[in-house]
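Heads up: the structure comes next, in structure tokens.
Numbering (our numbering), first residue to last: 67 to 310.
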């Protein structure tokens with residue numbers, strides 16, 4: 067309960083700050099005017115689109131790949147695949163985005179590829195961990211009942227691993243929301259446009275006008291995915307977690 071109170075208080079503070087700055091008519095610090103509501107809405111929409119596209123690609127790659135390396139035939143590929151994804155996230159986000167520009171050119175595609183690289187590890191790692199941590203006795207019991215490998219994967223392993231996979235998706239999404247601020251440097255859109263304008267003009271309020279809604283967006287998406295994650299967790303696992 068306390069966790070939700072803190073999140074809601076922080077969200078109200080960030081949204082209130084955005085409303086206050088956007089409502090200002092002018093400030094006597096050179097020629098400064100805050101971005102209009104239309105700009106905020108368009109940048110937020112573009113930011114959200116980048117995050118959604120990047121996350122869908124990261125999920126489409128990370129979840130099947132994470133499950134694949136848990137199969138006995140592909141276990142030898144676990145270290146190079148997860149290690150490769152780990153290297154991608156260990157590089158600073160600004161460097162990843164900057165590297166994509168000369169390779170793919172300036173534009174949305176460079177930003178999306180960079181965001182996928184940076185957000186892939188949590189999805190891939192949690193998919194692998196979720197399947198690997200399933201009690202082997204459960205799988206053996208299913209096999210003893212005559213279930214095929216495909217049936218075990220679809221009806222046993224995936225449902226049990228789903229909460230862990232969703233945690234990885236939630237973490238990846240929050241990371242991607244923050245990293246997407248830098249996409250403007252390679253021709254992407256989003257709230258980073260406002261934040262970067264504040265940096266160039268050295269206007270703290272403009273920086274906050276871009277950064278505050280970005281943080282609010284991360285909190286909102288994180289909260290929604292946390293609720294989805296809770297809904298996907300079976301009642302038996304919840305009771306077990308409470309007893310532990």
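Quick reminder that beta carbons are idealized off the backbone N, C-alpha and C, glycines included. No experiment lies behind these values; they were computed from the predicted model shown.
- One alpha carbon belongs to residue 219, the other to residue 158, and they sit about 36 Å apart.
- Burial is judged here by how many other beta carbons sit within 10 angstroms of a residue's own beta carbon; residue 162 has at least 16 and is buried.
- In its chain, beyond the 5 residues on either side, 188 have a beta carbon closer than 6 Å to the beta carbon of residue 237.
- Residue 280 is positioned such that its CB atom lies no closer than 7 Å to that of residue 262.
- Residue burial is scored here from C-beta neighbours: residue 266 has fewer than 16 other C-beta atoms within 10 angstroms and is therefore classed as exposed.
- Counting only runs that start and end inside the region 118 to 196, there is no beta strand (DSSP E) element of at least 3 residues.
- For residue 278, the enclosing alpha helix (DSSP H) has its first and last residue at 270 to 298.
- Closest by C-alpha distance to residue 186, out of 103, 231, 79 and 250, is 231.
- Taking each of 269, 252 and 292 in turn and checking the Cα distance to residue 229, the smallest one comes out for 292.
- Distances from the alpha-carbon of residue 297 to those of 213, 225 and 164 put 225 closest.
- In the three-state DSSP reduction, residue 112 falls in the helix class (H, G or I).
- No Cβ-Cβ contact shorter than 7 Å links residue 285 with residue 83.
- Comparing alpha carbon positions, the residue from 197, 140, 68 and 102 closest to residue 129 is 197.
- Apart from sequence neighbours up to five positions away, the residues of its chain that approach residue 248 with a beta-carbon distance below 7 Å are 159, 160, 163 and 258, ordered along the chain.
- Beyond the five residues adjoining it in sequence on each side, residue 141 comes within less than 7 Å, by CB distance, of 135 in the same chain, given in chain order.
- Between residue 113 and residue 246, the gap from beta carbon to beta carbon is short of 7 Å.
- By the C-beta criterion, the region 178 to 185 is judged to be in contact with the region 115 to 133, since at least 3 inter-stretch pairs fall below 8 Å.
- The distance from the Cβ of residue 101 to that of residue 260 is about 5 Å, consistent with a contact at the 8 Å cut-off.
- Between the C-alpha atoms of residue 294 and residue 121 there is a straight-line separation of about 16 Å.
- Per DSSP, residue 223 lies in no alpha helix (DSSP H) and is assigned neither H nor E.
- Looking at 276, 288, 287 and 290, the one whose alpha-carbon comes closest to that of residue 107 is 276.
- In the assembly as shown, residue 194 is a buried residue. Its beta-carbon has 16 or more other beta-carbons within 10 Å.
- DSSP places residue 206 in the uninterrupted alpha helix (DSSP H) bounded by 202 to 210.
- In this structure, DSSP gives residue 258 a helical state, which the three-state scheme calls helix.
- Judged by their CB atoms, residue 190 and residue 126 are not nearer to each other than the 7 Å cut-off.
- Judged by DSSP secondary structure, residue 214 falls outside any alpha helix (DSSP H); it is assigned neither H nor E.
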